[in-house]
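Student: The opening position of the sequence shown corresponds to residue 1 in my numbering, with each subsequent residue numbered one higher. Ideal placement from N, C-alpha and C gives every residue a C-beta, glycine not left out. Okay, here's the structure, questions in a sec.
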Amino acid sequence: MASILKKIYKYKLEEIHARKNNISFKDLVSNLKNSNLIERGFLESLKKSAKEKVTPVIAEIKKASPSQGIIRENFDVAEIAKSYEEGGATCLSVLTDFPSFQGKDEYIAVAKNNCNLPILRKDFFIDPYQVVESKLLGADCILIILAMLDKEQARELYDTSIMYDMDAIFEVHNEEEYDIAEKLNARIIGINNRNLHNFETSIETTTKLSHKFNKDIFVLSESGIKDRSDIEKLNSFGVNGYLIGQSFMAEKNIKKAIKELIK
Numbered sequence: 001m002a003s004i005l006k007k008i009y010k011y012k013l014e015e016i017h018a019r020k021n022n023i024s025f026k027d028l029v030s031n032l033k034n035s036n037l038i039e040r041g042f043l044e045s046l047k048k049s050a051k052e053k054v055t056p057v058i059a060e061i062k063k064a065s066p067s068q069g070i071i072r073e074n075f076d077v078a079e080i081a082k083s084y085e086e087g088g089a090t091c092l093s094v095l096t097d098f099p100s101f102q103g104k105d106e107y108i109a110v111a112k113n114n115c116n117l118p119i120l121r122k123d124f125f126i127d128p129y130q131v132v133e134s135k136l137l138g139a140d141c142i143l144i145i146l147a148m149l150d151k152e153q154a155r156e157l158y159d160t161s162i163m164y165d166m167d168a169i170f171e172v173h174n175e176e177e178y179d180i181a182e183k184l185n186a187r188i189i190g191i192n193n194r195n196l197h198n199f200e201t202s203i204e205t206t207t208k209l210s211h212k213f214n215k216d217i218f219v220l221s222e223s224g225i226k227d228r229s230d231i232e233k234l235n236s237f238g239v240n241g242y243l244i245g246q247s248f249m250a251e252k253n254i255k256k257a258i259k260e261l262i263k
């Protein structure tokens with residue numbers, strides 16, 4: 001496991017322990033049963049965009065990152081969500097991890113109340129508690145990062161997401177992780193182009209895995225996608241959709257930036 005992930009895993013264990021002391025898993029499930037949540041199909045929306053020949057883009061709401069620090073000073077979640085929808089995004093990715101990304105749980109509700117797009121809770125999932133919590137927060141999809149989990153942990157998270165009618169993205173960085181995701185019957189695989197050891201990005205991380213692609217899995221390319229030419233290149237290798245955050249967050253006019261990328 002990369003050192004950055006070891007550090008994150010450690011503070012996530014502490015964070016989840018504190019949350020469980022505040023509200024038990026049993027009470028969390030009870031709250032969920034009594035809630036009236038708006039559900040939006042995440043994978044369903046991605047497939048719909050692809051069928052309509054619209055580039056399926058998951059646009060990310062992210063204030064900061066470990067590699068870049070603060071990315072967007074003027075950080076208005078409601079306005080960003082509206083701009084993404086108006087610009088043609090298919091889904092949203094909302095960062096809720098605070099120590100590394102300055103994310104907050106409440107950003108999910110703010111985003112959901114200001115647009116009609118399905119939402120991925122972008123966080124570091126290591127416990128089924130977080131899956132139920134995500135559903136309660138209003139998320140439609142979770143992230144399973146195979147670089148920081150063993151196969152059984154990943155399976156448990158995925159099974160929990162299915163139990164609560166949520167989609168899940170299996171994030172992979174190499175062929176070994178891709179094979180694990182396949183064996184776990186992943187329906188969405190996101191290939192992260194960022195090297196977790198030096199934070200450099202290369203879309204070749206995705207293209208090198210293109211021989212693994214098949215029609216039963218919706219393949220996303222994540223990180224390092226800067227312009228339309230990157231998308232056209234990745235499309236030619238069979239990539240189905242894209243998760244893009246940093247390049248949008250750095251733009252003054254987000255709506256214009258996403259329109260130019262998906263045209």
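I126 and G12 - do their beta-carbons sit closer together than 8 angstroms?
Tutor: Residue identity differs from the one stated: residue 12 is Lys in this sequence, not Gly. The answer is yes: Cβ separation under 8 angstroms.
Student: Taking the beta carbon of M148 as the centre, do at least 16 other beta carbons fall within 10 Å, making it buried, or is it exposed?
Tutor: Classification for M148: buried.
Student: Could you tell me if S83 is buried or exposed, where buried requires 16 or more neighbouring beta carbons within 10 angstroms of its beta carbon?
Tutor: S83 should be labelled buried.
Student: Give me the residue from R40, Y178, E200 and F75 with the minimum Cα distance to I225.
Tutor: Of the listed residues, the one whose Cα sits closest to I225 is E200.
Student: Among N193, Q130 and K112, which has the Cα closest to the Cα of Y242?
Tutor: When only C-alpha atoms are compared, the closest one is N193.
Student: Compare the C-alpha of A89 against each of Q102, R72, A50 and K63 and name the closest.
Tutor: Of the candidates Q102, R72, A50 and K63, the one whose C-alpha sits nearest the C-alpha of A89 is A50.
Student: Less than 8 angstroms between the beta carbons of L143 and E175, yes or no?
Tutor: Not in contact: L143 and E175 (Cβ atoms no closer than 8 angstroms).
Student: Going along the chain, which residues of its own chain have a beta-carbon closer than 8 angstroms to the beta-carbon of R228, five neighbours each way excluded?
Tutor: Hits under 8 angstroms: E260, L261 and K263.
Student: To the nearest angstrom, report how far apart V77 and T96 are at their CA atoms.
Tutor: Going by the C-alpha atoms only, they are around 12 angstroms apart.
Student: Does the Cβ of V54 have 16 or more other Cβ atoms within 10 Å, making it buried, or fewer, making it exposed?
Tutor: Classification for V54: exposed.
Student: Compute the beta-carbon to beta-carbon distance between I217 and A186, rounded to the nearest angstrom, for a pair I have assumed lies under 8 angstroms.
Tutor: About 6 angstroms separates the two Cβ atoms, so the contact holds.
Student: For E15, count neighbouring Cβ atoms within 10 angstroms of its own Cβ and tell me buried if that reaches 16, exposed if not.
Tutor: By the neighbour-count rule (16 or more Cβ atoms within 10 Å), E15 is buried.
Student: Is I203 near A59, with beta carbons less than 8 angstroms apart?
Tutor: Taking 8 angstroms as the Cβ cut-off, I203 and A59 do not qualify as a contacting pair.
Student: When you compare only the Cα positions, how much space is there between H211 and K255?
Tutor: Cα-Cα distance, rounded: 34 angstroms.
Student: Whose C-beta lies closer than 8 angstroms to the C-beta of C115 among residues of the same chain, with five residues either side of it excluded?
Tutor: Contacts found: A81, K82, Y84, E85 and L92.
Student: Is it the case that the Cβ atoms of L136 and N34 are separated by a distance below 8 angstroms?
Tutor: The answer is no: Cβ separation not under 8 angstroms.
Student: In chain order, what residues of the same chain have a beta carbon less than 6 angstroms from the beta carbon of S221, not counting five sequence neighbours either side?
Tutor: Hits under 6 angstroms: I191, T206, L234, V239 and Y242.
Student: Under the three-state reduction of DSSP, which class applies to I203: helix, strand or coil?
Tutor: Coil.
Student: Which runs of the alpha helix (DSSP H), 4 residues or longer, sit entirely within the stretch 85-128?
Tutor: Those alpha helix (DSSP H) runs which fall completely within the stretch 85-128 and span 4+ residues are 98-101 and 106-113.
Student: How long is the line joining the alpha carbons of E152 and K252, rounded to whole angstroms?
Tutor: When rounded, the distance between both Cα atoms is 43 angstroms.
Student: Got a sec? Which residues, its chain only, sit under 6 angstroms from Y178 by beta carbon, not counting five neighbours each side?
Tutor: Excluding positions up to five away in sequence, the list reads V172, L209 and K212.
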